[in-house]
Amino acid sequence: MYLGMGLAGWARQGRALAGDAADDMMTFDDAVVWVKRAVALLIAWGLVTWGFSWFHLSWVLYGAVTGLAAGLLAGCVVLITIPQKLQLAAVGAITGMGVDWVTSLGQKGGPKTAINTLATAIANAIAGIMNAAETTSLPVPPRVAVAYGLWCFVFGLGLVMLLGSMQKRAK
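If you want it as structure tokens, here you go:
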């Protein structure tokens, strides 16, 4: 009770200090609502993980589902927080990279584009995850499950950005 009142008071002081930016600041009550939503999301995902373990489903499928869900969630955050013109610029750049990749397939050393950079970044992330699991004595996840998860994350994020950038803003 006292903690909530104290934090609400600090939020009021912060909004007063911010002046014009007061409309952009989240209230304490809004923050509590988002924390409750995050807890519900984590509990739901814990149940999904338990279900995969209980029914002995493939962990590769779990990696793909996890990556896709995280990518869709991150895509929604991007749609909400980033202006549409900047999203369109990003989609245009990614589309241009895809066209560049297709046209450079015939090169002797293979295509040297941002797609290769993304693949290298994912490979490095997989190696980092495996190393972190070994270092902390956690069970090492299957490499293919981590790879599927990361690629599905990128796919989900890109799909939401692509489809979201094509929509007109509601006024």
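Position 12 of the sequence shown, counted from 1, bears residue number 13 in the working numbering, the numbering being contiguous throughout. For each residue, glycine too, the CB sits at the ideal point set by N, CA and C. Since the model is a prediction, treat every value here as computed from it, not as a measurement.
Beta carbon of residue i nearer than 7 Å to that of residue j
i, j, result
"A134", "V141", "yes"
"I1", "L151", "The structure shown has nothing for residue 1, since the chain only spans 2 to 172."
"F154", "G68", "yes"
"A75", "L158", "yes"
"P143", "W55", "no"
Cβ separation of residue i and residue j, assumed to be a contact under 8 Å, to the nearest whole Å
i, j, result
"V147", "C77", "That belief does not hold up - the Cβ atoms of V147 and C77 are roughly 23 Å apart, past 8 Å."
"V92", "S166", "5 Å"
"G149", "G64", "As written in the sequence, residue 149 is Tyr, which differs from the Gly given in the question. Confirmed, about 4 Å."
"Q88", "V79", "7 Å"
Residue i - DSSP class collapsed to helix/strand/coil
i, result
"I83", "coil"
"M131", "helix"
"S54", "helix"
"K109", "coil"
"M27", "coil"
"L73", "helix"
"A67", "Strictly speaking, residue 67 in this sequence is Thr, with Ala absent from that position. Three-state result, T67: helix."
"M167", "coil"
"L158", "helix"
"T121", "helix"
"L139", "coil"
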